[in-house]
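Take 61 as the starting number for the sequence shown in our numbering and just add one per residue.
Beta carbons are placed, not taken as given, at the ideal position from N, Cα and C, and that holds for glycine.
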Amino acid sequence: MKPVGPACSIGSGQVLTPAEKHAAKCRRCLKNPRVCYCASIVPIETRCRILILQHPSEMWRPSATAKIADLALPNARLYIKEDESDERELESVLSDPGVRTFIVLPHEAVPEPAELRASGALDGSFVPAFLFLDGSWRQVRRMRHRRKWLEGLPAVTLRPQNDSMYRIRRQAQPGHLSTLEAVALLLSQVEDRPERFGHLLDLLDLMVTRILALRGMDRDGVPLKTGTRWGDRGVVSSE
Numbered sequence: 061m062k063p064v065g066p067a068c069s070i071g072s073g074q075v076l077t078p079a080e081k082h083a084a085k086c087r088r089c090l091k092n093p094r095v096c097y098c099a100s101i102v103p104i105e106t107r108c109r110i111l112i113l114q115h116p117s118e119m120w121r122p123s124a125t126a127k128i129a130d131l132a133l134p135n136a137r138l139y140i141k142e143d144e145s146d147e148r149e150l151e152s153v154l155s156d157p158g159v160r161t162f163i164v165l166p167h168e169a170v171p172e173p174a175e176l177r178a179s180g181a182l183d184g185s186f187v188p189a190f191l192f193l194d195g196s197w198r199q200v201r202r203m204r205h206r207r208k209w210l211e212g213l214p215a216v217t218l219r220p221q222n223d224s225m226y227r228i229r230r231q232a233q234p235g236h237l238s239t240l241e242a243v244a245l246l247l248s249q250v251e252d253r254p255e256r257f258g259h260l261l262d263l264l265d266l267m268v269t270r271i272l273a274l275r276g277m278d279r280d281g282v283p284l285k286t287g288t289r290w291g292d293r294g295v296v297s298s299e
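This is how it looks when you write it as structure tokens:
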């Protein structure tokens, strides 16, 4: 099991200059300490493995969501594109005869995960794994087509019934989800006790709400009235 670290790895007694405070990130979730969600993580065990190949530009992006899955799911692994050791490790997983990996692709004429489970395609002595490509839609297309070892993987798709709750980044088109939302939806279709994965969405909502607060907005993205600022314990008014 992955170790569950402190709420934020920046020590509470550490004295930072204003510039350091601006640049500081939690070394676990890689977020601004005021956005850090580590203290709220409750690990969720799964039978399936979740594999995420992430474009390096996503790693430090404030709005990135894949790290939540990596931290909250002990059976998840986040790989960074163009990191040679990461890519070699992922190739090894994909070639493991004891693991059957499906690549998750949007808007493809392929089965949904729930259909695989109903058909018995996930049963057997192998470990089912699902590979997500994390990045912009252009980056995802390039990652997929420039890696020969992704060719031939059986594919699944997701057809969400609800709009994305990812309020800080515009989706390319209706029906698209953030990476974390896609992971949560998939797991709810292939794992027992699907209600467990609502915790992933709770973590996403927490992160999004805190990011919006830093931008001077309420949880719905509406600008707060003049004089409202972010305080040490949340959003407070200076009036």
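Quick one, are the C-beta atoms of residue 154 and residue 113 less than 8 Å apart?
No, these two residues do not count as a Cβ contact at 8 Å.
Do residue 111 and residue 191 have their C-beta atoms within less than 8 Å of each other?
Cβ atoms of residue 111 and residue 191: closer than 8 Å.
Under three-state DSSP, which class holds residue 157?
Residue 157 falls in the coil class under three-state DSSP.
Going along the chain, which residues of its own chain have a beta-carbon closer than 7 Å to the beta-carbon of residue 292, five neighbours each way excluded?
Unreliable placement is indicated for residue 292, whose pLDDT of 40 sits below 50; the coordinate value is still reported in the next sentence. Excluding residues within five positions, none has a Cβ falling inside 7 Å.
If contacts are defined as beta-carbon pairs under 8 Å, then residue 126 and residue 269 qualify, I think. What distance do you get, rounded to the angstrom?
Not really, about 19 Å apart at Cβ, beyond 8 Å.
Just tell me which of 107, 214, 279, 264 has its CA closest to the CA of residue 164.
Of the candidates 107, 214, 279, 264, the one whose C-alpha sits nearest the C-alpha of residue 164 is 214.
Given residue 158, which residues of its chain have a CB within under 8 Å of its CB, disregarding the five upstream and five downstream residues?
185, 186, 187, listed in sequence order.
For residue 137, count the other beta carbons within 10 Å of its own beta carbon; 16 or more makes it buried, fewer makes it exposed. Which is it?
Counting Cβ neighbours within 10 Å, residue 137 comes out buried, since at least 16 surround it.
Taking the beta strand (DSSP E) that residue 140 falls in, what are its first and last residues?
That run of the beta strand (DSSP E) goes 136-140.
Just the C-alpha distance for residue 89 and residue 171, rounded to the nearest angstrom, thanks.
Distance between the alpha carbons of residue 89 and residue 171: 33 Å.
State the Cα-Cα distance for the pair residue 219 and residue 247, rounded to the nearest angstrom.
Rounded to the nearest angstrom, the two C-alpha atoms are 13 Å apart.
Identify the continuous alpha helix (DSSP H) that holds residue 262 and give its terminal residues.
Where residue 262 is concerned, the enclosing alpha helix (DSSP H) stretches over 258-274.
Exposed or buried, which one is residue 255 when buried takes at least 16 other CB atoms within 10 Å?
Exposed, because fewer than 16 other Cβ atoms sit within 10 Å of the Cβ of residue 255.
Expressed to the nearest angstrom, what Euclidean distance is found between the alpha-carbon atoms of residue 152 and residue 122?
Rounded to the nearest angstrom, the two C-alpha atoms are 30 Å apart.
Might you give, ordered along the chain, the residues of its own chain that have their beta carbon closer than 7 Å to the beta carbon of residue 102, omitting 5 neighbours on each side?
The answer, listed in chain order, is 259.
Check whether the Cβ atoms of residue 244 and residue 261 sit closer than 8 Å, and answer yes or no.
Taking 8 Å as the Cβ cut-off, residue 244 and residue 261 qualify as a contacting pair.
Where DSSP assigns a beta bridge to residue 114, which residues make up the other side?
In DSSP, residue 114 forms a bridge with 140, 194.
Verify whether the separation of the beta carbon atoms of residue 193 and residue 206 is less than 8 Å.
No.
Need the endpoints of the alpha helix (DSSP H) that residue 125 sits in, please.
Per DSSP, residue 125 belongs to no alpha helix (DSSP H) and is neither H nor E.
With a 10 Å radius around its C-beta and 16 neighbouring C-beta atoms as the bar for buried, classify residue 130 as buried or exposed.
So residue 130 counts as buried.
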